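Numbering that gives the first Met the number 0 puts the first residue of the sequence shown at 0, with every later residue one more than the last. Glycine residues also receive a C-beta, built at the ideal position from the N, C-alpha and C atoms. Nothing here was measured: the structure is a model prediction, and the numbers come from that model. Structure first, then comments.
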Amino acid sequence: MKVLIASKRAPKVNGVQRAFKRLSHFDLFKTIVFEPMTVESGVPATPLSIDELMTGARQRAETVYASNGDNSADDVLAVGVEGGVCVFQRHTFLQSWACVHDGRRFSFGSSGSIEIPQALADAVVKDGADLGHVIDIFAEQKNVRSNQGTWGILTGDLVTREDSFELATLNALAPFFNKKMYDRKSLG
Numbered sequence: 000m001k002v003l004i005a006s007k008r009a010p011k012v013n014g015v016q017r018a019f020k021r022l023s024h025f026d027l028f029k030t031i032v033f034e035p036m037t038v039e040s041g042v043p044a045t046p047l048s049i050d051e052l053m054t055g056a057r058q059r060a061e062t063v064y065a066s067n068g069d070n071s072a073d074d075v076l077a078v079g080v081e082g083g084v085c086v087f088q089r090h091t092f093l094q095s096w097a098c099v100h101d102g103r104r105f106s107f108g109s110s111g112s113i114e115i116p117q118a119l120a121d122a123v124v125k126d127g128a129d130l131g132h133v134i135d136i137f138a139e140q141k142n143v144r145s146n147q148g149t150w151g152i153l154t155g156d157l158v159t160r161e162d163s164f165e166l167a168t169l170n171a172l173a174p175f176f177n178k179k180m181y182d183r184k185s186l187g
């Protein structure tokens, strides 16, 4: 199987690869060739809603799948991942989303959420700053986005950006590795 990853950023690529490696006991995922590619999401640098997160992940997956050339192949999956924030009940949460596309359907999964500190929320949501930039200032580190990410900063590295993309990808892959459940047409 060929897995097209719609990013070359290490946390995204590594998270997607870890998700697939966890599924290596399934015949479908025994032999995998990963192809990371740089693909634009078509959404803001820091998405500010679930809709923007899902749209960014879907557009990345769709674009990278279309770039494959052989769109009739049954053994190609495209994965787009996107991280950003969402505001619920006046609280701002960091989330990661994944979209898996096989040329016929799109399947989504998310990582869960972690509330971000008000200073970060104000900079990103109110002032429109890119979280990738302001987390460096907030954490007094360089290039946090390419390392542990905001997830790692906020959890003391108990959950990293890579971990969040792994979980989102696993959740998006569920219909592919658990067809018995997802292809059911009735409860009985």
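Spatial neighbours of residue i in its chain, beta-carbon cut-off 7 angstroms, leaving aside the 5 residues before and after
| i | result |
| --- | --- |
| residue 174 | 106 and 181 |
| residue 19 | 2, 28 and 31 |
| residue 23 | 29 |
| residue 40 | 55, 58, 59 and 81 |
| residue 48 | 85 |
Beta-carbon gap between residue i and residue j smaller than 8 angstroms
| i | j | result |
| --- | --- | --- |
| residue 85 | residue 171 | no |
| residue 142 | residue 135 | yes |
| residue 77 | residue 60 | yes |
| residue 191 | residue 115 | With the chain covering 0 to 187 only, the question about residue 191 has no answer from this structure. |
| residue 33 | residue 4 | yes |
| residue 17 | residue 139 | no |
| residue 64 | residue 102 | yes |
Residue i in three-state terms, based on DSSP
| i | result |
| --- | --- |
| residue 46 | coil |
| residue 145 | helix |
| residue 132 | helix |
| residue 114 | strand |
| residue 179 | helix |
| residue 137 | helix |
| residue 55 | helix |
| residue 250 | This structure gives no information on residue 250, because the portion of the chain shown stretches from 0 to 187. |
| residue 108 | strand |
Extent of the continuous alpha helix (DSSP H) run through residue i
| i | result |
| --- | --- |
| residue 168 | 160-176 |
| residue 14 | 9-21 |
CB-CB length for residue i against residue j, believed under 8 angstroms
| i | j | result |
| --- | --- | --- |
| residue 46 | residue 83 | 3 angstroms |
| residue 7 | residue 37 | 5 angstroms |
| residue 153 | residue 113 | 6 angstroms |
| residue 128 | residue 122 | 5 angstroms |
Proximal residues to residue i (C-beta, below 6 angstroms), its chain only, five neighbours per side dropped
| i | result |
| --- | --- |
| residue 150 | 158, 159, 160 and 163 |
| residue 108 | 97, 167, 170 and 171 |
The ligand MN heavy atom lying under 7 angstroms from the CB of residue i
| i | result |
| --- | --- |
| residue 123 | You won't find the ligand MN in this model; it holds no ligand whatsoever. |
Residue i - containing beta strand (DSSP E), residue span
| i | result |
| --- | --- |
| residue 93 | 90-100 |
| residue 33 | 32-35 |
| residue 86 | 75-87 |
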